[in-house]
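To keep things clear, I will list the structure first and then write my remarks on it.
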Amino acid sequence: QSGIKGKKAQLTYLFMANADSSQKLPLLIIGRAQKPCAFKNKMDSQLGFYYWNNTKAWMTASLYQEWLLDWD
Numbered sequence: 001q002s003g004i005k006g007k008k009a010q011l012t013y014l015f016m017a018n019a020d021s022s023q024k025l026p027l028l029i030i031g032r033a034q035k036p037c038a039f040k041n042k043m044d045s046q047l048g049f050y051y052w053n054n055t056k057a058w059m060t061a062s063l064y065q066e067w068l069l070d071w072d
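Each residue of the sequence shown is one higher than the last, beginning at 1 in full-length UniProt numbering.
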């Protein structure tokens with residue numbers, strides 16, 4: 001329909017484990033919103049995953065490096 005903009009929800013998901021899956025990290029979700037409404041008043045860690053945000057919901061080198069350093 002003309003004149004109606006579609007929703008532009010963007011999320012990036014990162015699943016990480018070692019080769020034999022003996023070590024797994026909780027899911028990482030990257031979104032655009034600083035604090036998504038769906039989280040209500042809960043922290044991402046209470047929901048079983050980690051959530052980070054940036055303007056395009058993309059994985060950046062700095063986010064990836066921080067994620068790896070947190071794992072180590």
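C-beta atoms are modelled at their ideal positions from N, C-alpha and C, and glycine is treated no differently.
Everything numeric in this text was worked out from a predicted model, so none of it was measured.
Check: Whole-angstrom C-beta distance between Ala38 and Asn53, which should lie under 8 angstroms; Outcome: Incorrect: roughly 13 angstroms between the Cβ atoms, too far for contact.
Check: Given Asp70 as reference, the closest of Gly48, Leu25, Met59, Asp44 once Cα atoms are compared; Outcome: Leu25
Check: Close Cβ partners of Trp58 (< 8 angstroms) along its chain, the five nearest in sequence each way excluded; Outcome: Thr12, Ile30
Check: Buried or exposed (CB count within 10 angstroms, at least 16 for buried), Tyr64; Outcome: exposed
Check: Same chain only: Cβ atoms within 8 angstroms of Lys35, ignoring 5 sequence neighbours per side; Outcome: none
Check: Residues that Phe49 bridges to, as DSSP identifies them; Outcome: Leu27
Check: Length of the line joining the Cα atoms of Leu68 and Ser2; Outcome: 45 angstroms
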